[in-house]
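If you read the sequence shown in this note's numbering, its first letter stands for residue 15, the second for the next number, and so on. Ideal placement from N, C-alpha and C gives every residue a C-beta, glycine not left out. On a predicted model such as this, the values are computed, not experimentally measured, just so you know.
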Amino acid sequence: MQLSPTPLNRLANSCLGAVPAVAGIAYAVQADRGALRLAAGLAAIVFAVLAVRGYRLGVTCEHARMTVCGYLRTRVIDRERISEITDFPAVRWTDRTGRARWTPLVALRTSPGELPAIRLHKERAVSRLRRWAQRGSG
């Protein structure tokens, strides 16, 4: 099961990195010193990676594990280690050493100014995720 935001929301998520990446490229082209060009070029690369990761935000549920793709990292969580899907939404789980962990589901987070259709899409995705996680614990 693949749970991801709507295409419009995915584009909005990628803007967090795309807009500064374009600005970094524009600055790198105009910079007169090599060090400034290098810094702007490196910043543009970092923001381009952030744009791609923003577009790919989501949750993939397989039979025995969940993969959460966030802005900064991708985490794989075994289904039997999940204790709860919170209202935030986030996954509460326990790692192999017994330590309690918490992983936010940024792709499914709602905002006050969101369109009702997008909010409904995310709420349904969180409900599906809860049902998937509960089937694994019982």
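Here the alpha carbon of threonine 111 sits roughly 24 Å from the alpha carbon of arginine 144. With at least 16 other beta carbons inside 10 angstroms of its own, isoleucine 99 counts as buried. Put simply, of Ala53, Arg79 and Ala49 the residue whose alpha carbon is nearest the alpha carbon of glycine 38 is Ala53. Leucine 17 carries a strand assignment under DSSP once its states are collapsed to helix, strand and coil. Distances from the alpha-carbon of alanine 114 to those of Arg123, Val82, Ile96 and Val120 put Ile96 closest.
Residue nearest to threonine 117 within the set Tyr41, Thr88 and Tyr69 is Thr88 (criterion: CA-CA distance).
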